[in-house]
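Per the numbering used here, residue 9 is the first one in the sequence shown, and the count goes up by one each step.
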Amino acid sequence: MRPDWDTYFMKIAHDVAARSTCDRAFVGTVLVREKRILTTGFNGSPAGQPHCEEIGHLMIEGHCVRTIHAEANAIIQAALHGVSTKGAHCYVTHFPCLQCVKMLINAGIVRIVYDNDYRIDPNALEFLRIAEVELVRVPGQEAPTTN
9 MRPDWDTYFM
19 KIAHDVAARS
29 TCDRAFVGTV
39 LVREKRILTT
49 GFNGSPAGQP
59 HCEEIGHLMI
69 EGHCVRTIHA
79 EANAIIQAAL
89 HGVSTKGAHC
99 YVTHFPCLQC
109 VKMLINAGIV
119 RIVYDNDYRI
129 DPNALEFLRI
139 AEVELVRVPG
149 QEAPTTN
């Protein structure tokens, strides 16, 4: 059976997550407007820097700070290549952290579709509500997550 658009783009987000280089969570993001992929992102180190899978995690207060989150990387790719994200939808394998939620709001994202209820922050939910960003969970595609 042919998948609906949300399922289709979420499957792509899971494929993008396979490129992640921090094994604490394999996260993938796809930014889409008008059913066209704008950019993708996965969690990994800045360009030219060593990755967690090569030299280990850089942990500060329970978080690996060696990597850039998938959502941020997708936004950065858009900026790097001059692609507007205004009015786009974000497909992401894991519920975005508060910092990524704020970036997605400022990037003009109008809809977030996610799969995994990983660490849902009530403040992030409130920011999305105030910004009137639609939030949709498409369950059933979850990839394994480690902490």
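Beta carbons are placed, not taken as given, at the ideal position from N, Cα and C, and that holds for glycine.
The model shown is predicted, which means the values in this text are computed figures rather than measured ones.
DSSP three-state assignment for residue i, whether helix, strand or coil
i	result
Asp23	helix
Thr5	Because the chain spans 9 through 155 in this model, residue 5 falls outside it and cannot be assessed.
Ala123	Sequence check: residue 123 is Asp here, not Ala. Strand, per DSSP.
Ile138	helix
Met9	coil
Ala132	helix
Contact set for residue i: own chain, Cβ-Cβ below 6 Å, skip 5 residues either direction
i	result
Arg27	Phe50
Ile138	none
Ile117	Ala96, Cys98
Pro11	none
Contacting residues, own chain, Cβ-Cβ under 8 Å from residue i (five flanking each side not counted)
i	result
Leu136	Val109, Ile113, Ile120, Leu143
Cys105	His77, Arg127, Asp129, Ala132
Met111	Glu79, Ala80, Ile83
Start-to-end residues for the beta strand (DSSP E) that takes in residue i
i	result
Cys98	97-102
Arg41	36-41
Endpoints, alpha helix (DSSP H) assigned at residue i
i	result
Ile45	Unbroken run through Ile45 is the beta strand (DSSP E), 44-50; no alpha helix (DSSP H).
Val182	No answer is possible for residue 182: it lies beyond the span of the chain, which begins at 9 and ends at 155.
Own chain, CB closer than 7 Å to residue i, minus 5 neighbours either side, in chain order
i	result
Val146	Asp14, Thr15, Met18, Val121, Asp123
Asn155	Unreliable placement is indicated for Asn155, whose pLDDT of 40 sits below 50; the coordinate value is still reported in the next sentence. Around Asn155: Arg32.
His59	Thr29, Gly52, Ser53
Cβ-heavy atom distance, residue i to the ligand MG, below 6 Å
i	result
Ile45	The ligand MG is absent from the structure shown, which contains no ligand whatsoever.
#### Entry: Touch test, the stretch 35-45 against the stretch 95-109, Cβ-Cβ under 8 Å, three pairs minimum
Yes, the stretch 35-45 is in contact with the stretch 95-109.
### Message
Taking contact to mean 3 or more Cβ pairs, one atom from each stretch, closer than 8 Å, check whether the stretch 24-33 and the stretch 75-82 are in contact.
### Response
yes
### Task
Pair every Cβ in the stretch 56-67 with every Cβ in the stretch 77-95, then say whether three or more of these pairs are closer than 8 Å.
no
### Residue ranges of each beta strand (DSSP E) within the stretch 58-113, 3 or longer
Fully enclosed beta strand (DSSP E) runs of 3 or longer: 97-102.
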